[in-house]
Amino acid sequence: MKYLRNLSKMINTRFDAVDAQISDLEQLVQWSSVQAPYLTIALKIRAVSRVYQTIYTVPISDIQSQKSLFITNYESDYQNSGYKLFLGFVQDLGPFGGKLLDSAMTFYKNDRPKIRSLMIAMTKLLFMASQLELAYYSAKGISGSLIDSHKSQWEDRFKQVAQRISTVDQEVASKWKTQYQLDIDRFALDNRRFNYSYLSNNLYEKLSTKYFWRDWLVIVSDHVYGLNDRSQVCGGYAQTKYGKDIIVTSVLKTKRTIEKRNAEIMAKSLTQTCKTTSHKRCFQCNARPNPNGNYPAVLTDRCCVPEKNSKDAGTIYNWFNPNVRDTCTTYDSVGIIKYKNVAYSARRRNNTLTMDCDHGWCTYKGDNTQIYPEFERLYVYDIGLCKYRAHFFG
């Protein structure tokens, strides 16, 4: 059975990798058909702009000749590129063979910072184009109402550009809930050979950079068949991928942080519950000579091994108040996870750190109680006797 299970996992992993490569190729082809005309237009605007800027660097005696060269370049190379770019940017028209920004969203996987950078670059090109057109009319000796008309036209275009930027930015942001889960699936596939600590830290960095307006919690642990973890994620991600259990959730940065004192009280109550439900394995011990002088010796005492608890994570999780375990009112994630081979990543008060106590990230007090990094929204408590950690995030 174990062999068949491993074989099935290997086959599924290979199919996942092939599917991901096909998807990447399809997106590249789609983006290339749009990117090529965009780059052509950008090069035309930049090339003519460079000739125009040279007017201000040549000696006074050469200015007129440079103006003539600018007019020639504009008339032969510019080809109304500014207006074509405007149509593609604002109205999804022009020579792009498709919707420019829609294709960019697909290619960049709804990466808001990258889409913003693209729109800023396009706006800069439009600004250069507007300067070139007005400079051309001026160099040709055109003035008066025609110049004013072109200025007014570009002012109106830039208002439309500003509105388009706002609309696209909101559209990209609204897709985060679907996109981040696809990002996790792909990240887990591409990094399946790395350990849990690496995955937790680097996945956190990826999500925090791409979805910068949210605070993230990423927990990764080695998957063990059984009942060693039980976590609630409100609208989040909780799956097993390539031998790793991955738990991810997030909240808006504007949300008020949790009351950690309340979380601590709740977590410590679990410690007491563990003690009351734990058991001891006891037996007769301490052999003494038989009073009759014969063997065997007499076992006169009762000895017990150290306390331990056989409860699984689901049982411990159910010790929580229903208002905590069954709703999202207070916490966006509450969980019980086996202490071995697990790493938590979240935003700290000063900087980001992955909490991996199994590899020295945590310090200890004199009573061997673990002291965890001071996270902004995350509270982690080592239950101790039960060999589990409880976490609260929100």
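Read left to right, the sequence shown gives residues 890 to 1283 (my numbering).
Just so it is clear, CB atoms sit at the ideal spot from N, CA and C, and this is done for glycine as well.
Just so you know, these numbers come straight off a predicted model, no measurement behind them.
Around the C-beta of residue i, are 16 or more other C-beta atoms found within 10 angstroms, so that it is buried, or is it exposed?
i       : result
Leu1035 : exposed
Phe1101 : exposed
Gly1033 : exposed
Arg1145 : exposed
Ile1154 : exposed
Gln955  : buried
Asp908  : Reliability of the predicted coordinates at Asp908 is poor, the pLDDT of 45 falling under 50, and the value obtained from them is presented with this limitation in mind. Asp908 comes out exposed.
Asp1215 : exposed
Arg939  : exposed
Asp1118 : buried
Ala1010 : exposed
Leu1106 : buried
Asp1134 : buried
Tyr1253 : Confidence is the limiting factor: at Tyr1253 the pLDDT is only 36, short of 50, which leaves the residue's position unreliable and the question unanswerable from this model.
Thr1162 : buried
Arg1082 : exposed
Ile949  : exposed
Asp951  : exposed
Lys1099 : buried
Ser1006 : exposed
Cys1275 : buried
Ser1234 : buried
Measuring only the C-alpha atoms, how far is residue i from residue j?
i       : j       : result
Ser1063 : Thr1165 : 48 angstroms
Val1109 : Asp1045 : 51 angstroms
Leu1021 : Met994  : 30 angstroms
Ile1031 : Ser1038 : 12 angstroms
Thr1204 : Arg1001 : 41 angstroms
Ile944  : Ser1041 : 25 angstroms
Gln1259 : Gly1132 : Note that Gln1259 scores 42 on pLDDT, short of 50, meaning its location in the model is unreliable and no value can be drawn from it.
Ala1077 : Ala1127 : 13 angstroms
Ile934  : Phe996  : 24 angstroms
Asn999  : Asn1084 : 27 angstroms
Leu1088 : Lys1095 : 10 angstroms
Gln1059 : Trp1065 : 10 angstroms
Trp1043 : Val947  : 29 angstroms
Tyr1069 : Asn1091 : 14 angstroms
Ala925  : Lys973  : 14 angstroms
Ala1232 : Leu982  : 49 angstroms
Gln968  : Tyr1093 : 46 angstroms
Phe978  : Gln942  : 25 angstroms
His1112 : Ile1226 : 11 angstroms
Phe1282 : Gln1052 : 36 angstroms
Met1008 : Phe1264 : 35 angstroms
Lys1149 : Thr1219 : 11 angstroms
Asn1207 : Val1213 : 10 angstroms
Arg1075 : Thr929  : 32 angstroms
Ser957  : Phe1047 : 29 angstroms
Ala1152 : Ser1086 : 25 angstroms
Gln980  : Ser1055 : 14 angstroms
Tyr1025 : Tyr963  : 7 angstroms
Leu1014 : Thr1067 : 32 angstroms
Ala936  : Asn1080 : 42 angstroms
Ala1202 : Val1061 : 38 angstroms
Ser1097 : Gly1273 : 31 angstroms
Ala1156 : Leu1071 : 33 angstroms
At which residues does the alpha helix (DSSP H) containing residue i begin and terminate?
i       : result
Gln1020 : Arg1001 to Ala1028
Lys956  : Ile952 to Asn962
Thr1146 : First-last for Thr1146: undefined, no H or E at that position.
Leu1096 : Tyr1085 to Lys1099
Ser992  : Leu989 to Phe996
Asp1058 : Ser1034 to Ser1063
Val1213 : Pro1211 to Arg1214
Tyr1206 : Ala1202 to Tyr1206
Quick test of your reading: residue i and residue j, contact by CB under 8 angstroms. State the CB separation rounded to the nearest angstrom.
i       : j       : result
Ser850  : Ile1136 : A query on residue 850 cannot be resolved here, the shown segment of the chain reaching from 890 to 1283 and no further.
Ala1018 : Ser970  : 6 angstroms
Tyr1270 : Arg1278 : 7 angstroms
Cys1123 : Ser1222 : 7 angstroms
Val1140 : Arg1103 : 7 angstroms
Ile1004 : Val923  : Actually they do not touch by this definition, with Cβ atoms about 14 angstroms apart.
Ile1147 : Arg1236 : Contact doesn't hold; Cβ gap of about 13 angstroms is too wide.
Thr1138 : Gly1125 : 3 angstroms
Lys927  : Leu976  : The sequence shown places Tyr at residue 927, rather than the Lys named in the question. About 12 angstroms separates the two Cβ atoms, so there is no contact after all.
Ile1073 : Lys1029 : The Cβ separation is near 57 angstroms, so there is no contact.
State yes or no: is the beta carbon of residue i nearer than 8 angstroms to at least one beta carbon in chain C?
i       : result
Ile1272 : You won't find chain C in this structure, because it holds only one protein chain.
On the DSSP letters alone, give me the boundaries of the beta strand (DSSP E) that residue i sits inside.
i       : result
Trp1105 : Arg1103 to Asp1111
Gln1128 : Tyr1126 to Lys1130
Asp1222 : Sequence check: residue 1222 is Ser here, not Asp. Ser1222 to Lys1227 is the span of the beta strand (DSSP E), which, as asked, contains Ser1222.
Ser970  : That residue, Ser970, is in no beta strand (DSSP E); its alpha helix (DSSP H) goes Ser970 to Val979.
Tyr1233 : Val1231 to Ala1235
Phe1282 : Tyr1277 to Phe1282
Val1122 : Asp1118 to Val1122
Asp966  : Unbroken run through Asp966: none, as it is neither H nor E.
Does the distance between the C-beta of residue i and the nearest non-hydrogen atom of the ligand SAH fall short of 7 angstroms?
i       : result
Val1061 : The ligand content of the structure shown is nil, which means the ligand SAH is not present either.
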